[in-house]
Structure formats: structure tokens, C-alpha cells
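What follows is a single structure, written as C-alpha cells, with notes after it.
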């Protein structure tokens, strides 16, 4: 792979997957390495969780004694260290300092399951394990859609799976086509715009504002003791080692 380039915190980045490249992002909230994969073999380190979106071809990911195959349209997360090899085009986002879980899914559906904005829909592909954790999302833009210009409070890194269009930024229009990766730093205004075709996009978020917690999750909430949810019975809650 090529040398690592730094992300300009004030500019959106767009690049093709065809050439292997790596981009580093860091701010007071998060540190991430965004990489396009073309072919070859590489070790990805520990002390990070690696999120995959495969555009074409097939990747083999080995973690410990287990090897997983990821084909086109599949997505996954793996805590490092891992070994990656294969002839494929893929986006890999390595979220540093976060220990996630091994999860695989796909292929990505045609449309999202949740209503978003401006006629768009979205789906939560890899959910945060606890509230605040990273997640992987899917975005569907119908044909001839222009999003209201907006920004996000944290990094976004994604891949165009299908469809053509543009992203309007304060510096002009950036072309989107299948196999395009993009990185949007926090606070950068943008508007995704589709043309004659709908666009399907997978997007990594380094954080979340929803998800389960130790005192609010399905296993706990839906456990009833004489008709009362265990969430309300705090004397039953499992304690941490520090609390015990």
C-alpha cells in the first residue's frame, strides 16, 4: 500500500478504489485510518477495530484460528490484529483505540429500512455494541434527489456501491460513481445529489447517540420479576468489579 496522507479537516476527500491508498484522520474525538484495498496481503494491527465494505472481488480475513470470506456487497468488523489478503476492491476503516466485535453481514439491501431526510432512507448495518460506539450505516438516495446542505459532528467515511451523482460542497461539485470512496471531516457542509439513478452508499460513523447500555438493554428490560421489569429492580443489577 502507498504512504499515508493526512485528511484536511476543512475539506471533503473523494478518491477511486482502483489504486491502494491510505488516509489518516485525527481530532480530539477520534483517530481513524481510511484505506482503499486493491489486491495483495497485509496485516492490520491490534488496538483497533477494522470495518470493511467490499465493492467487488473477494477478501479473506484471518483472525486467530478463523478465516472469513467477504464477497461483493458484504460488510464486516474485526478487532485486530488480523491478516487480510485477496483480489478485491474494498474500503477499510480502522478505528483506533476501540475494541469491537467480529460481525459480518450483507449483501446490502436495495433500500433503507428507516426514513431519513429529503426522501432518503437508511439502515443500521452494524449497530453500536453500547451507546456511543462506532457503527456502519446504509444510505439510499432515490433518483433526482438533492439533500438539504448539512454537516455532521464527527467523521464520515463511505463508499458508493451503485448509482451516479454528486456531492455539493462549498468548494464545488464532487463526482460520485460506483467505487468512489469519500471522507467528510466534522463540520464540513455537504449535500449528496443523485441524477437519473438512485445511489446506494455505505457509511462508517465513529460514534453514535443511541444503543444499549448496562441499565437499558433488551435482555434486562424484558426480564420480568413478578411482572416488574428487571430494569427497575436495581438491587438485582450485576455489578462491575469496582462496584462489588
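In this note's numbering, the protein residues as written are -12 to 231.
Think of the CB as a built atom: it goes at the ideal place given N, C-alpha and C, for glycine as much as any other residue.
Residue i in three-state terms, based on DSSP
i, result
"residue 34", "coil"
"residue 16", "coil"
"residue 88", "coil"
"residue 223", "helix"
"residue 217", "helix"
"residue -1", "coil"
"residue 66", "strand"
"residue 107", "coil"
"residue 49", "strand"
Nearest-angstrom Cα separation, counted from residue j out to residue i
i, j, result
"residue 70", "residue 56", "12 Å"
"residue 113", "residue 197", "13 Å"
"residue 81", "residue 35", "6 Å"
"residue 130", "residue 199", "35 Å"
"residue 91", "residue 160", "34 Å"
"residue -5", "residue 67", "27 Å"
"residue -10", "residue 22", "11 Å"
"residue 4", "residue 12", "18 Å"
"residue 78", "residue 46", "11 Å"
Environment of residue i [buried if 16+ CB atoms lie within 10 Å]
i, result
"residue 140", "exposed"
"residue 84", "exposed"
"residue -7", "exposed"
"residue 138", "exposed"
"residue 100", "exposed"
"residue 115", "buried"
"residue 229", "exposed"
"residue 172", "buried"
Same chain only: Cβ atoms within 7 Å of residue i, ignoring 5 sequence neighbours per side
i, result
"residue 207", "217 and 218"
"residue 163", "147, 151, 152, 153, 154 and 186"
"residue 50", "65, 69 and 89"
"residue 220", "212"
First and last residue of the uninterrupted alpha helix (DSSP H) at residue i
i, result
"residue 205", "205 to 208"
First and last residue of the uninterrupted beta strand (DSSP E) at residue i
i, result
"residue 80", "75 to 83"
"residue 127", "122 to 128"
"residue 154", "152 to 156"
6 Å Cβ shell around residue i - same chain, five flanking residues per side excluded
i, result
"residue 25", "7"
"residue 246", "Residue 246 is absent from the model: the chain starts at -12 and stops at 231."
"residue 60", "93, 94 and 95"
Beta-carbon proximity list for residue i, same chain, < 8 Å, skipping 5 on both sides
i, result
"residue 183", "130, 131 and 151"
CB contact below 7 Å: residue i versus chain C
i, result
"residue 20", "Among the chains of the structure shown, chain C does not appear; only one protein chain is present."
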